[in-house]
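Here the structure comes first, spelled out in structure tokens, and everything after it is commentary.
There are 2 protein chains.
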Amino acid sequence: EIVDAIVAKLIGSKPLSGQRVLVTAGGTVERIDPVRYITNDSSGKMGFAIAEVARDRGAEVTLVCGRTEAAPPNGVNVVHTDSALRMRDEVMRRLDGTDIVIKAAAVADYRPASRADQKIKKSSDSLTLELVRNPDILQEVGEWREARGSGPFIVGFAAETADVEKHALDKLARKKCDLIVANNVSEAGAGFGTETNIVSVYGRGDFFEHLPQMTKRAVAERLLDIVKDARKGLANR
Amino acid sequence: EIVDAIVAKLIGSKPLSGQRVLVTAGGTVERIDPVRYITNDSSGKMGFAIAEVARDRGAEVTLVCGRTEAAPPNGVNVVHTDSALRMRDEVMRRLDGTDIVIKAAAVADYRPASRADQKIKKSSDSLTLELVRNPDILQEVGEWREARGSGPFIVGFAAETADVEKHALDKLARKKCDLIVANNVSEAGAGFGTETNIVSVYGRGDFFEHLPQMTKRAVAERLLDIVKDARKGLANR
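Residue numbers (my numbering), protein chains in the order written: chain A, 367 to 603; chain B, 367 to 603.
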């Protein structure tokens, strides 16, 4: 990490200098009661790698973290959150002035409809947990930009276990984002907790690029190259 | 840790020499689908501290771990598990020949009634998650001993957020265990994830001892002293 920063400094390659990049990472924590919660297998590693590469390329990076397995990288502005609702608030209030938003966090789609103040005691043989939809942060970011007429370049992630391409293309169409990075998290060497990833990047105008298994750092580097090219393309439209 | 082990070796104080101690630690992971799960705030630190002290006192320690925040201590036989069902199996098959069982893990009371093979896609505004009761491992250990007529000394933990004494005494009466270590996990300096704990120990024959805030290591030391005295008491009955 330190070596990377020194190398970047020596080379003087700072293509993201002056750019504000907001990255989300990790899984959200949706409380059932004071001791129990629903979460997911996201480790935060993919988002951390993106934040590191953006930092090394000279960007001013804000990293909005949910629950993560390791400590976030140095040299970035870390914002700790827990639930999807809090993550949404922390992201939305920072959009103004942000140039690139990359949503690598695994945000829970649902949260318990109500949170018990006391630990729920076991009393019956079964229990029904009512869940309600969480806000779709990626979509809200896209709608914010559309309503405003301008705003950040938006990259979303799609973690799937089946029909990866179908879900990714659907997500790209429905949400108002620029790129979708899709991976099959049930594939060996890809997805949650692993050191490597295998992703496919889908963009406007039928853009498609498959990245074979590589370290999350290498995925982050290639992804930021794609973002750079795509932003140039947008400027030309 | 190494220093403790050396000190214990030099002093030659091995009161648990030749004894088999089984400790459970951490929270269980109850899968909803391949990426989502229900868990709790247990860090595993209390169970780890007990395993360390038992090891330092000469015991042969088996540590059955759920999800934990740190790596388990050295010098103990670590068994990794995830769900309550798996933890139950790993504990029960080791009871024969075990002298002391200390159940410091936070076992989920409920698990999803069914586990989806694919990631559940968000489709509706709400979702109902049906949960069913998990086995009560502490109670099963007590019943195993009762049915057999002999078996290990049994210590259970009660993590509460209200009416701590009431729930602890109830647990002691209902389950066939020897000691209940109760704490209010919503109290500052006690419970999940903290370095210290504040517990009350309840035993047969109105035994009660409150331990003020101290490190989890100190709680473990005092707890194993209480276990030692209680086992002598049992032998005298």
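Idealized CB from N, CA, C, for every residue including glycine.
Here the C-alpha atom of A:Val547 lies approximately 19 Å from the C-alpha atom of A:Lys598.
The C-beta distance from A:Thr464 to A:Pro518 rounds to 5 Å, short enough to meet the 8 Å contact threshold. Sequence-distant Cβ neighbours of A:Val445 in its own chain, meaning closer than 6 Å and more than five residues away, are Val430 and Glu456. CA-to-CA, the gap between A:Ile486 and B:Leu535 works out to about 18 Å. From the listed residues B:Val467, B:Glu435 and B:Ser492, the smallest Cα separation to B:Trp510 is found for B:Val467. Burial check for A:Ile368: the Cβ neighbour count within 10 Å stays below 16, so the residue is exposed. Ranked by Cα distance from B:Val567, the options B:Pro578, B:Leu461 and B:Phe558 are led by B:Pro578. Shown here, A:Arg481 sits in coil according to DSSP, grouped into three states, outside any helix or strand. For B:Leu461, there is no enclosing alpha helix (DSSP H), as DSSP marks it with neither H nor E.
Taking a C-beta distance under 8 Å as the contact criterion, A:Ala528 and B:Gln505 do not qualify as a contact pair. When A:Pro478, A:Ile564 and A:Ala482 are compared, the shortest CA-CA separation from A:Glu496 is found for A:Pro478. For A:Ala525, the neighbours in chain B by C-beta distance under 9 Å run, in chain order, Val401 and Lys485. Following the DSSP letters along the chain, one finds A:Phe414 inside the alpha helix (DSSP H) bounded by residues Lys411 to Asp422.
The beta carbon of B:Lys488 falls within 8 Å of a beta carbon belonging to chain A, placing the residue at that interface. Taking 8 Å as the cut-off, the beta carbon of A:Val521 is found no closer than this to the beta carbon of A:Asn500. In its chain, beyond the 5 residues on either side, Asp544 have a beta carbon closer than 7 Å to the beta carbon of B:Arg570.
Close CB contacts of B:Asp399 within its chain, under the 8 Å cut and outside five residues either way in sequence, are with Arg481, Ala482, Asp483, Gln484, Lys485 and Ile486 (chain order).
Within the DSSP secondary-structure output, B:Gly393 pairs in a beta bridge with B:Arg433 and B:Ala472.
Between B:Gly432 and B:Gly393, the C-beta gap is smaller than 8 Å, which places the two residues in contact. Within 7 Å of the CB of A:Thr405, the CB atoms of chain B belong to Tyr403 and Thr405, in sequence order along the chain.
When the beta-carbon positions are compared, A:Arg423 and A:Leu590 come within less than 8 Å of each other. In this structure, the beta-carbon distance from A:Ala556 to A:Lys537 does not fall below 8 Å. Taken in chain order, the complete alpha helix (DSSP H) segments of 4 or more residues contained in the region 498–553 of chain B are 503–514 and 530–540.
Bounds of the beta strand (DSSP E) holding A:Ile404 are Arg402 to Asn406. Comparing C-alpha distances from B:Ala436 to each of B:Ser449, B:Gly410, B:Glu426 and B:Phe574 shows the shortest one belongs to B:Gly410. Shown in chain order are the members of the region 513–545 of chain B whose Cβ falls below 7 Å from a Cβ of chain A: Ala525, Glu526, Thr527 and Ala528. Residues of chain B with a Cβ closer than 9 Å to the Cβ of A:Val551 are, in chain order, Pro400, Val401 and Lys485. At least one CB of chain B lies nearer than 8 Å to the CB of A:Val498. In this structure, A:Asp407 sits near B:Val401, with a CB-CB distance shorter than 8 Å. Secondary structure at B:Leu382: coil, using DSSP grouped into helix, strand and coil. In the three-state reduction of the DSSP assignment, A:Glu587 falls in the helix class.
The C-alpha of B:Asn549 is placed about 38 Å away from the C-alpha of B:Asp491.
Looking from the CA of B:Leu451, the closest CA among B:Ala513, B:Ile503, B:Met580 and B:Val530 belongs to B:Ile503. Of all residues in the region 573–593 of chain A, none is placed with a Cβ closer than 7 Å to any Cβ belonging to chain B.
Counting only Cβ-Cβ distances below 9 Å, B:Phe414 has no contacts in chain A at all, with the closest Cβ about 18 Å away.
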